[in-house]
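Chains as they are written, first to last, in this note's numbering: chain A, 82 to 421; chain B, 54 to 478.
For every residue, glycine included, the Cβ atom is placed at its ideal position computed from N, Cα and C.
Heads up: the structure comes next, in structure tokens.
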């Protein structure tokens, strides 16, 4: 019985896919030399596939420079994809990104200061997508809608006619979120929305995002480097290293049974109050290699503490290994035939 | 084990602790008393640090934690007397090894900076000079503060060199005198000998070369394998982790008594942060340095620090050993701060939110500065400033809830609608 139920659940979820990404590659060209020729590429995102379901929060986690933000930008078509496919529901959007999708997919950036025009009033900032995408023209209509939006993010009437510099960091981030909500989006891509904020303000924003997600049934793609944040707010998680996924699964899968060596190290590197996790800390040596000429085989092998135990780390690219229905890793098999 | 035996052991432990506590008092390194640093701006006086007192013992790591704008960094800068105009240290004393730093002349202060007390800043790219080689920057510290020691090394080397030069001279003399009596083969032998000796004589050492050698040593110490290569690189050629290691190397180069680290890992990734924290832990033991660790990350404090001071709006509100503080935070602000950190246990519940915002430091709230945001607020809280009391062994707190004199004051009734509103900031 239970097996059938689980299958039903999965097929039900399949129907609810909002964004599908298949074999996405985004390369940035490097120009140089005498005639400013293309002399190489940075493989920012290298063969990545995932699904985003309605009403869920998918975390995209990794160190700086691993391509998290590039995935977000590519979905929004701010950066052209080199190859691969991106679908919104059933429509392909990577080569045909119309205004309609701009409404449905919105983004919140890391630094609220630089995403708000300092010379514009809050009404105009939040009203801009209403004018451009929704085609609203009457000022009174726009004001009414903006006030509605401000109220959903717990702000008040008197904030309508102020300028961005009059607000604190947390309030600015609320304004940015209100603007993202303006066109009733189905997906919001959040690029490190809380990393510029203090812990207590971060808590406010995370609570707000949870409420909004339930209220509007939003799918959130949450890009962050803070593992505890995603552990708190996320449903599923993708761990990235140098443009590739290394582990994916539900929060419980990844946080309680991390299997890929990089994920293990990343999880153990978090500073915690708990003295037990501190004792078995894995400290990685060296630094993230350059994405211009990444190491051969598995990109992680020069730093991998478990390299001795696996076969062919420096020769072959890692393969996708399923651990359970939801939990996958990219790694090489063990030498002694041990299972993951 | 019987109960009495257990009691005995506990009793003995307590005595030992008392002894160590007394011992530590004689080990006092830095004592900050009632420090006040104000900034005189056009809008008014910003009371960035308003009556802060704490002390650091030898070989101890003290954590200073608080939100943005609570005066953590200004406290650190005040210790080094680096507060820039319009800022000014108004009151208080900073005793370092029984010398009040605030009474020293600028010249004397400069001999302490970078020598006994050093500082690591948050952003290593901004604190390194972009047009000077990394090695030269580290070597500069030695040239500035350890010239005497470098000269000693040079003297020793010069003596050795002089010996060799003398030897060479004698050999040449011998060769000249006996030139006619020697056979061809013997002459050849002599020439080879002279050549070998010439090779052995090193270049005359100069200050900068010796300083660079020392720099190489210290850079190796902070876990950079190819130190020689790194010496000849510019800061922009190094990664974030490397730069921070160079900063730490500069900080530790004179084996300081006190190292002030101002958010040393905020600009770094988690895995690199773990490396740097591990390094600091090891170096602290190796060099017997005390560290004042300034951060907003309570996790780092729990990892690294022996004691913690929690700052709020220019005051220290709670000051205790890390163990006590994390096991049982007492001040409502500390409780709120710890409650705001996302974790697994809080997954299905909402995070605790401290109502309201950090107050303006020009017109800080009356009485306890935390009272407009405090859930445990008493009637007295907005009238009288709480005293900084030691309620337990080495557990200090500034809160009326723990002050026997005001404890009995009636609880303040929050206006529900008002509190509802003030949550939404």
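Outcome for residue i when other beta-carbon atoms lying within 10 angstroms are tallied against a minimum of 16
| i | result |
| --- | --- |
| residue 421 of chain A | exposed |
| residue 75 of chain B | The pLDDT assigned to residue 75 of chain B is 49, lower than 50, so where the model puts this residue is not dependable, and the model offers no usable value. |
| residue 343 of chain B | buried |
| residue 430 of chain B | buried |
| residue 222 of chain B | exposed |
| residue 265 of chain A | exposed |
| residue 246 of chain A | exposed |
| residue 457 of chain B | exposed |
| residue 185 of chain B | exposed |
| residue 165 of chain B | buried |
| residue 323 of chain B | buried |
| residue 298 of chain A | exposed |
| residue 245 of chain B | exposed |
| residue 372 of chain B | buried |
| residue 405 of chain A | exposed |
| residue 139 of chain A | buried |
| residue 418 of chain A | exposed |
| residue 464 of chain B | exposed |
| residue 144 of chain A | buried |
Beta-ladder partner(s) of residue i, from DSSP
| i | result |
| --- | --- |
| residue 101 of chain A | A:132, A:168 |
| residue 113 of chain A | A:118 |
| residue 330 of chain A | A:318 |
| residue 360 of chain B | B:115, B:374 |
| residue 108 of chain A | A:124 |
| residue 303 of chain A | A:140, A:271 |
| residue 403 of chain A | A:409 |
| residue 464 of chain B | B:431 |
| residue 325 of chain A | A:322 |
| residue 173 of chain A | A:168 |
Where the beta strand (DSSP E) through residue i begins and ends
| i | result |
| --- | --- |
| residue 106 of chain B | 98–110 |
| residue 490 of chain B | The structure shown does not extend to residue 490 of chain B, since chain B spans only 54 to 478, so no value can be given for it. |
| residue 347 of chain B | 343–348 |
| residue 233 of chain A | Element bounds for residue 233 of chain A: not the beta strand (DSSP E) but the alpha helix (DSSP H), 220–233. |
| residue 92 of chain B | 81–93 |
| residue 189 of chain A | 186–189 |
| residue 171 of chain B | 170–173 |
Cβ neighbours of residue i in the same chain (closer than 6 Å, five flanking residues each side left out)
| i | result |
| --- | --- |
| residue 237 of chain B | none |
| residue 210 of chain B | 258 |
| residue 252 of chain B | none |
| residue 386 of chain B | 365, 370, 423 |
| residue 498 of chain B | Residue 498 of chain B falls outside the range modelled here, since chain B spans only 54 to 478, and no answer is possible. |
| residue 132 of chain A | 98, 101 |
| residue 82 of chain A | Because the pLDDT of residue 82 of chain A is 46, which lies under 50, any placement of that residue in the model is unreliable, and the number read from its coordinates should be weighed accordingly. There are no such residues. |
| residue 408 of chain A | 330, 334 |
| residue 149 of chain B | 83 |
Own chain, CB closer than 7 Å to residue i, minus 5 neighbours either side, in chain order
| i | result |
| --- | --- |
| residue 213 of chain B | none |
| residue 478 of chain B | For residue 478 of chain B, the predicted structure reports a pLDDT of 41, less than 50, and the residue's modelled location is therefore unreliable. The matter cannot be settled from this model. |
| residue 184 of chain A | 214, 264, 266 |
Continuous alpha helix (DSSP H) stretch holding residue i: start and end
| i | result |
| --- | --- |
| residue 288 of chain A | 280–297 |
| residue 153 of chain A | 149–156 |
| residue 446 of chain B | Element bounds for residue 446 of chain B: n/a, residue is neither H nor E. |
| residue 190 of chain B | 187–198 |
| residue 252 of chain A | 250–262 |
| residue 122 of chain B | Run containing residue 122 of chain B: none; DSSP gives neither H nor E here. |
| residue 385 of chain B | 385–392 |
| residue 203 of chain A | 203–210 |
| residue 180 of chain B | 177–180 |
Residues near residue i by beta carbon distance below 8 Å, same chain, minus five either side
| i | result |
| --- | --- |
| residue 112 of chain A | 118, 119, 120 |
| residue 204 of chain A | 223, 224, 227, 241, 242 |
| residue 298 of chain B | 272, 275, 276, 277, 329, 332 |
| residue 123 of chain B | 364, 365, 366, 367, 411 |
| residue 377 of chain B | 445, 448 |
Could you name each continuous beta strand (DSSP E) segment of 3 residues or more that falls completely within the stretch 132–156 of chain B, going from the start of the chain to the end? 140–149
What are the start and end residues of each continuous alpha helix (DSSP H) run of 4 or more residues lying completely inside the stretch 253–338 of chain B, in chain order? 260–274, 280–284, 293–305
Complete runs of the alpha helix (DSSP H) confined to the stretch 335–388 of chain A [at least 4 residues]: 342–349, 356–360
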